[in-house]
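Note sheet for the following structure.
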Amino acid sequence: MAKYIGQAVKRVEDRRFITGKGRYTDDIKLPGMTYAAIVRSPHAHATINAIDTSRALAADGVVTAFVGQDLADAGVGGLPCGWQVDFKNGDTMKEPPHPVLAVGKVRHVGDPVVIVIAETRDQAQDAAELVEVDYGILPAAVDTVASAGEGAPLVHDDVPRNVPFDWGLGDADAAAAALDSAAHVTTLEITNQRLVANAIEPRCAIGDYDSARDHYTLYTSSQNPHVIRLLMTAFVLGLPEHKVRVVSPDVGGGFGSKIFHYAEEVLAIWCSRQIERPVKWTAQRSESFISDAQGRDHVTKAELGLDADGNFTGLRVTTHANVGAYLSTFSTCVPTYLYGTLLQGLYTTPAIYVDVTAVFTNTVPVDALRGAGRPEATYLLERLVDTAAHELGLDPGELRRRNFIPPFDGVEQPGYQTQVALQYDSGNYAGVLDKALEMVGYDDFREEQAAARAEGRYLGIGFSTYIEACGIAPSAVVGSLGARAGLFESAVVRVQPTGKVSVFVGSHSHGQGHETTFSQVVADQLGIPIEDVDIIHGDTDQVPFGMGTYGSRSLAVGGSAIVRSLDKVKEKGAKIAAHLLEASEDDLEYAGGKWTVRGTDKSIGFGDVALTAYVPHNYPEGLEPGLDFTSFYDPANFTFPFGAHLCIVEVCADTGKVTLKRFVAVDDVGNVINPQIVEGQVHGGVCHGIGQALLEGAIYDGDGQLVNGSYMDYAMPRADDLPALELGRTVTPCPHNPLGAKGAGEAGTIGATPAVVNAAVDALWHVGVRDLPMPLTPQTVWQAIQQAGS
Amino acid sequence: MSSAFNYHRAASVDDALAVLGQHEDAALLAGGHSLIPSLKLRLAAPGTLVDIGHLDELNYIRQQGGGVAIGAATTHHDVATSTVVAGQAPLLAQAAAVIGDPQVRNMGTIGGSLAHADPAADYPAAVLASGAHIVARGPGGERVIEAGDFFVDLFLTGLQPGEIITEVRVPAQPPGSGACYAKFPHPASRFAVVGCAAVVAANAGVCTDVRVAFTGVANAAFRDAGVEGALGGQPLTGAGIDAASAVAAQGVEVLSDAFAGADYRRHLATVFAGRALRSAARL
Numbered sequence: 001m002a003k004y005i006g007q008a009v010k011r012v013e014d015r016r017f018i019t020g021k022g023r024y025t026d027d028i029k030l031p032g033m034t035y036a037a038i039v040r041s042p043h044a045h046a047t048i049n050a051i052d053t054s055r056a057l058a059a060d061g062v063v064t065a066f067v068g069q070d071l072a073d074a075g076v077g078g079l080p081c082g083w084q085v086d087f088k089n090g091d092t093m094k095e096p097p098h099p100v101l102a103v104g105k106v107r108h109v110g111d112p113v114v115i116v117i118a119e120t121r122d123q124a125q126d127a128a129e130l131v132e133v134d135y136g137i138l139p140a141a142v143d144t145v146a147s148a149g150e151g152a153p154l155v156h157d158d159v160p161r162n163v164p165f166d167w168g169l170g171d172a173d174a175a176a177a178a179l180d181s182a183a184h185v186t187t188l189e190i191t192n193q194r195l196v197a198n199a200i201e202p203r204c205a206i207g208d209y210d211s212a213r214d215h216y217t218l219y220t221s222s223q224n225p226h227v228i229r230l231l232m233t234a235f236v237l238g239l240p241e242h243k244v245r246v247v248s249p250d251v252g253g254g255f256g257s258k259i260f261h262y263a264e265e266v267l268a269i270w271c272s273r274q275i276e277r278p279v280k281w282t283a284q285r286s287e288s289f290i291s292d293a294q295g296r297d298h299v300t301k302a303e304l305g306l307d308a309d310g311n312f313t314g315l316r317v318t319t320h321a322n323v324g325a326y327l328s329t330f331s332t333c334v335p336t337y338l339y340g341t342l343l344q345g346l347y348t349t350p351a352i353y354v355d356v357t358a359v360f361t362n363t364v365p366v367d368a369l370r371g372a373g374r375p376e377a378t379y380l381l382e383r384l385v386d387t388a389a390h391e392l393g394l395d396p397g398e399l400r401r402r403n404f405i406p407p408f409d410g411v412e413q414p415g416y417q418t419q420v421a422l423q424y425d426s427g428n429y430a431g432v433l434d435k436a437l438e439m440v441g442y443d444d445f446r447e448e449q450a451a452a453r454a455e456g457r458y459l460g461i462g463f464s465t466y467i468e469a470c471g472i473a474p475s476a477v478v479g480s481l482g483a484r485a486g487l488f489e490s491a492v493v494r495v496q497p498t499g500k501v502s503v504f505v506g507s508h509s510h511g512q513g514h515e516t517t518f519s520q521v522v523a524d525q526l527g528i529p530i531e532d533v534d535i536i537h538g539d540t541d542q543v544p545f546g547m548g549t550y551g552s553r554s555l556a557v558g559g560s561a562i563v564r565s566l567d568k569v570k571e572k573g574a575k576i577a578a579h580l581l582e583a584s585e586d587d588l589e590y591a592g593g594k595w596t597v598r599g600t601d602k603s604i605g606f607g608d609v610a611l612t613a614y615v616p617h618n619y620p621e622g623l624e625p626g627l628d629f630t631s632f633y634d635p636a637n638f639t640f641p642f643g644a645h646l647c648i649v650e651v652c653a654d655t656g657k658v659t660l661k662r663f664v665a666v667d668d669v670g671n672v673i674n675p676q677i678v679e680g681q682v683h684g685g686v687c688h689g690i691g692q693a694l695l696e697g698a699i700y701d702g703d704g705q706l707v708n709g710s711y712m713d714y715a716m717p718r719a720d721d722l723p724a725l726e727l728g729r730t731v732t733p734c735p736h737n738p739l740g741a742k743g744a745g746e747a748g749t750i751g752a753t754p755a756v757v758n759a760a761v762d763a764l765w766h767v768g769v770r771d772l773p774m775p776l777t778p779q780t781v782w783q784a785i786q787q788a789g790s
Numbered sequence: 001m002s003s004a005f006n007y008h009r010a011a012s013v014d015d016a017l018a019v020l021g022q023h024e025d026a027a028l029l030a031g032g033h034s035l036i037p038s039l040k041l042r043l044a045a046p047g048t049l050v051d052i053g054h055l056d057e058l059n060y061i062r063q064q065g066g067g068v069a070i071g072a073a074t075t076h077h078d079v080a081t082s083t084v085v086a087g088q089a090p091l092l093a094q095a096a097a098v099i100g101d102p103q104v105r106n107m108g109t110i111g112g113s114l115a116h117a118d119p120a121a122d123y124p125a126a127v128l129a130s131g132a133h134i135v136a137r138g139p140g141g142e143r144v145i146e147a148g149d150f151f152v153d154l155f156l157t158g159l160q161p162g163e164i165i166t167e168v169r170v171p172a173q174p175p176g177s178g179a180c181y182a183k184f185p186h187p188a189s190r191f192a193v194v195g196c197a198a199v200v201a202a203n204a205g206v207c208t209d210v211r212v213a214f215t216g217v218a219n220a221a222f223r224d225a226g227v228e229g230a231l232g233g234q235p236l237t238g239a240g241i242d243a244a245s246a247v248a249a250q251g252v253e254v255l256s257d258a259f260a261g262a263d264y265r266r267h268l269a270t271v272f273a274g275r276a277l278r279s280a281a282r283l
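If you're matching them up, the sequences are chains W and R in order. With this note's numbering, letter number 718 in the first sequence gets 718, and the count goes up by one each step, no holes. With this note's numbering, letter number 265 in the second sequence gets 265, and the count goes up by one each step, no holes.
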């Protein structure tokens, strides 16, 4: 049956990418196309006193220019937030306008102010430099915690204390009582620093208004074209949705930053309508740093209570979450429902409470970034557990084992109900840790560590045992929590008369390899060659609907939608086959691409049935012709991958530089369709997580300027920063989706970061270092060593 | 994308000098690895680019007068892999080998790097510690500038307006001496947070010659007289090197940024002085 599933089928996408034939938005050139440049605020917080575009308009090649008031006068709405999170006391979330071009005031460096459109890109940029904006500079709110305090500058005049909402989850009294009576309380003050997504393809948008059809096409580097169409038409421009097509062709990475609906998408479409010519905008890298939504940025106090035996008795977490200057599309659910709900981790902690205060600041908006809330939760939990182990003199593996939720498969044993709203689907948490410890050779390492210490060398090992939640669902539940969208996925399986299969999916691939993985599923389920399957995505005119790709949902949710449609194809095919074979449907079995009458050699192939469906001469009475099915799959629950990451580092005593010696990652992502693609996702994810631990971090100065907004200063992980990753896997299938798959896109990022920091702290615990702020730059670590020694 | 500019592909150094003389807002282009990023970021907007990167008369490595002469348009890769440079001026080869990444080294040139005088560039420390000379040609003819007079301040050199670096002359490293360039690269830019170039010679265990130069530490690369004075004439031992290294960058206004504040950078200077000196002394 499974010829392809479970095999490392080579990615069918790779030929075009490796040979430079990928087609990205910026590769699209339309007749009569114009080019836009955007004048952005150089100040974090300022009034706009006057804008003079006269010199720009007079420059060579300039077609036109628009300011915020032009859009306001035309009734263009602001960018919407996709998830409403109300205050704990029931007050409605404060959702100040997020204008497409700033009106009256700018609120972060990079806030768009003017769009200049010209015949060429260079002319647009030259002219943009001639726009004169008279700013009245205001004090900026920058620091996450201080901005929510008394006297901080207000980012939005009508949002007191810069707090758009606060939120709590769990049992505050129980958590307090548990901490009060705990034999030991481990406390950490943690800053989960702000990251820049840094997709290799800068964002790009082309608006193309066709006056003949009164029809709009938006080409955009998005992870979810249908969602962009819905948000843009219904909330911003008031356009009829059936007159708008959104295409996201090849997209060069997103990591979350291309989920959101951005101003430039609206601008491209609206401006194209004004000038009746296509308008293209492509971000420069410097622009990406100040206009792509950024990630993380939490300041947290976390307390873990333990009894005398090392059992976790309570957890209390208090977080300030910086949301930047505006509420980006999913900025509100990230530090709440995608964060607080993961604080159970892998442990049986009986009392948990999390309190979150969202904070506006004069910085780039913050939204989902690979992991989105789960890395923040996992980081603080796993730092707490390793710290508790050190404080109590317990082995960090042993402490975890004492507190792990026992194995459950979600079928024989029920799912695990957490203290923070979720029900885990299935898990064997000790299993991944045992395997990781075996791979790393734990006992040998501890001997090596002791020997190194005797020589004055600092070696350490860090543990991270994580859980994450993928495929957020079902729609009714997330809707009750404030989501303004459903979270299902759709798939069309269109069997062509020759038996070739076109599959249209709402999931969007921007590096994940869907064209390969989905083809493997389709080919195996239908018993046909993989070459006979084509996967189409990223075009609202072709795909009925789609929620897109984020939250590691594509296989678990999108793949399941495909399976549903495949089931319908096989069901109808069986009726046709039964008719042709003059047998009862009940007597047929489908395998190897043909229906066979059980116990006979009478059979008919998939291709013959497909042809009959479209040439229905000899055909079951009353059955519609055609073999083409659409399914919308709304999952019963999230999926919950988990894993154990172990990291070994050496810290240079002279410079403070942390060098990764080994990294072992054992992940359980449920059933695996393509192990090579999963390994690739884990590699990328782990590198991303290591990047946060060691290198990355947006630095804003007191004026709200992004100090390291270029690759000269913002350090991304490179091959020579990384060891060869040692990967392992266990398989605990998801019990509630037809593929048994859980999701692999973010697991590495979530697990890796605390493993690295825990390793560095382990290396330095004996010299008195108790915590290290991320990123662990050499200076940071060196200073910590100095302070610990003094 | 840069502003518009005129492009002049120079036929010779003399031709380039003539064009420079005619256009006050002209800039020289060789490997383009400092200039082109500036243009793309619109931090520089020269009216004319005068391209000298392809000139054969500036692209050579040869033994000359007891040392090595390196044409200004020689790429970092060629310097890093030249057996002549490795034999006679190993410091330059070591420095060239750790500039940027292979793509940078295949395009960037020694003359371009020196003229740009980035405070964190690798070559300046090696050029200073080698006792090299920089040959420049200008409207007034050719002159030879001592390395010690060349690096003046942040992006500021001893070149006069209209002058072009044509050659770097590096004296052969004395027999029996050792040299090392030790670098702590910035994780993003891979420029030197601290780079230390050291040359050490000893006779009967006593240090007879020591030259130590830093890049990345101050506005301009510099020779560290404090370290040199502390080690010269002293026994060349690990302890002696440690003691001398401990005074690195004293009396210097040390650069400070988000990645490395002044205290930490000064500390790194002591660490990398020690590493460079120990390696040079083969200890």
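Glycine included, every Cβ here is placed at the ideal spot set by N, Cα and C.
CA-CA distance, cysteine 204 (chain W) and alanine 182 (chain W)? Roughly 54 Å between the two C-alpha positions.
Who are the Cβ neighbours of glycine 162 (chain R) in its own chain at under 8 Å, not counting the five residues just before and after it? Answer for glycine 162 (chain R): Leu17, Leu20, Gly21, Gly138 and Pro139, listed in chain order.
Starting from the C-beta of aspartate 297 (chain W), find all residues in its chain whose C-beta is less than 6 Å away, skip the five residues before and the five after it, and write them out in chain order. The beta carbon of aspartate 297 (chain W) is closer than 6 Å to those of Arg194, Asn322 and Val366 in its chain, skipping five residues each way along the sequence.
Output yes or no for whether 9 Å exceeds the beta carbon distance between alanine 693 (chain W) and threonine 655 (chain W). No.
Would methionine 107 (chain R) pass as an interface residue toward chain W - the criterion being a Cβ-Cβ separation below 9 Å? With 9 Å as the cut-off, methionine 107 (chain R) does not count as an interface residue toward chain W.
Is arginine 303 (chain R) close to chain W, meaning its C-beta is less than 9 Å from at least one C-beta of that chain? The structure shown does not extend to residue 303 (chain R), since chain R is modelled only from 1 through 283, so no value can be given for it.
What are the boundary residues of the beta strand (DSSP E) that includes glycine 207 (chain W)? Its beta strand (DSSP E) spans residues 204 to 210.
Give the residues from the region 644 to 667 of chain W that approach chain R closer than 7 Å (Cβ to any Cβ), ordered along the chain. Answer in chain order: Asp654 and Thr655.
Within 8 Å, do at least three Cβ pairs link the region 241 to 259 of chain W to the region 358 to 376 of chain W? Contact between the region 358 to 376 of chain W and the region 241 to 259 of chain W is present: three or more C-beta pairs spanning the two stretches fall below 8 Å.
Label leucine 128 (chain R) either buried or exposed according to how many other C-beta atoms from any shown protein chain fall within 10 Å of its C-beta, with 16 as the threshold for buried. Its Cβ being crowded by 16 or more others within 10 Å, leucine 128 (chain R) is buried.
Asparagine 637 (chain W) and glycine 479 (chain W) closer than 9 Å at C-beta: It is not a contact, given that the beta carbons lie outside the stated cut-off.
Look at the alpha carbon of alanine 610 (chain W) and the alpha carbon of tyrosine 4 (chain W), and state the distance between them as a whole number of angstroms. Going by the C-alpha atoms only, they are around 22 Å apart.
What residue from R:His33, R:Gly32, R:Asp101 and R:Leu55 has the CA that sits closest to arginine 190 (chain R)'s CA? Comparing C-alpha distances from arginine 190 (chain R) to each of R:His33, R:Gly32, R:Asp101 and R:Leu55 shows the shortest one belongs to R:Asp101.
Looking only at DSSP bridge pairs, what is aspartate 157 (chain W) linked to? DSSP output for aspartate 157 (chain W) lists no bridge partner at all.
Beta-carbon separation (whole angstroms), alanine 325 (chain W) vs valine 155 (chain W), contact threshold 8 Å: The beta carbons of alanine 325 (chain W) and valine 155 (chain W) sit about 6 Å from each other, so the pair counts as a contact at 8 Å.
Shorter than 9 Å from the beta carbon of threonine 25 (chain W) to some beta carbon of chain R? Chain R contact via Cβ: absent.
If we define contact as Cβ-Cβ less than 9 Å, is glycine 261 (chain R) a contact residue for chain W? For glycine 261 (chain R), the nearest CB of chain W lies under 9 Å from its own CB, placing it at the interface with that chain.
Residues that DSSP places opposite arginine 729 (chain W) in a beta bridge: Answer is W:Asp667.
Can you find a C-beta in chain R that's less than 9 Å from the C-beta of arginine 494 (chain W)? So, not an interface residue.
Looking at the unbroken beta strand (DSSP E) that takes in valine 317 (chain W), where does it start and where does it end? Counting along the chain, the beta strand (DSSP E) containing valine 317 (chain W) begins and ends at 312 to 324.
Could you name each continuous beta strand (DSSP E) segment of 3 residues or more that falls completely within the region 112 to 177 of chain R, going from the start of the chain to the end? Complete beta strand (DSSP E) runs here, min 3: 133 to 138, 141 to 146, 151 to 153 and 164 to 171.
Going along chain R, which residues have a C-beta under 7 Å from isoleucine 699 (chain W)? Per Cβ cutoff of 7 Å: Ala258.
Between which two residues does the alpha helix (DSSP H) harbouring proline 754 (chain W) extend? Proline 754 (chain W) -> alpha helix (DSSP H) spans 747 to 764.
So, does the CB of valine 144 (chain R) fall closer than 9 Å to a CB anywhere in chain W? No, its Cβ sits nowhere closer than 9 Å to a Cβ of chain W.
Could you check the C-alpha separation between aspartate 224 (chain R) and threonine 270 (chain R) for me, to the nearest Å? Taking the straight line from one Cα to the other gives about 11 Å.
Taking Cβ positions, are valine 682 (chain W) and aspartate 667 (chain W) nearer each other than 9 Å? Aspartate 667 (chain W) is positioned such that its CB atom lies closer than 9 Å to that of valine 682 (chain W).
Only counting the same chain, and skipping five residues up and downstream in sequence, which positions put a Cβ closer than 8 Å to that of valine 707 (chain W)? Same-chain partners within the cutoff: Ile699, Tyr700, Asp701 and Asp713.
Taking a Cβ distance cut-off of 9 Å, strictly less, list which residues of the region 90 to 122 of chain W are near chain R, in chain order. Correct list: Arg121 and Asp122.
Starting from proline 90 (chain R) and walking both ways along the alpha helix (DSSP H), at which residues does that stretch end? Run containing proline 90 (chain R): 90 to 97, per the alpha helix (DSSP H) assignment.
Which residues in chain R have a C-beta closer than 9 Å to the C-beta of leucine 695 (chain W)? List them in chain order. Going along chain R in sequence order, the residues near leucine 695 (chain W) (Cβ under 9 Å) are Pro187 and Ala188.
On the premise that glycine 345 (chain W) lies in contact with leucine 381 (chain W), defined as a C-beta separation below 8 Å, what is that separation, rounded to the nearest angstrom? Rounded to the nearest angstrom, the Cβ distance from leucine 381 (chain W) to glycine 345 (chain W) is 4 Å, consistent with a contact under 8 Å.
In angstroms, rounded to a whole number, what distance separates the CA positions of asparagine 219 (chain R) and isoleucine 115 (chain W)? Those two C-alpha atoms are separated by around 39 Å.
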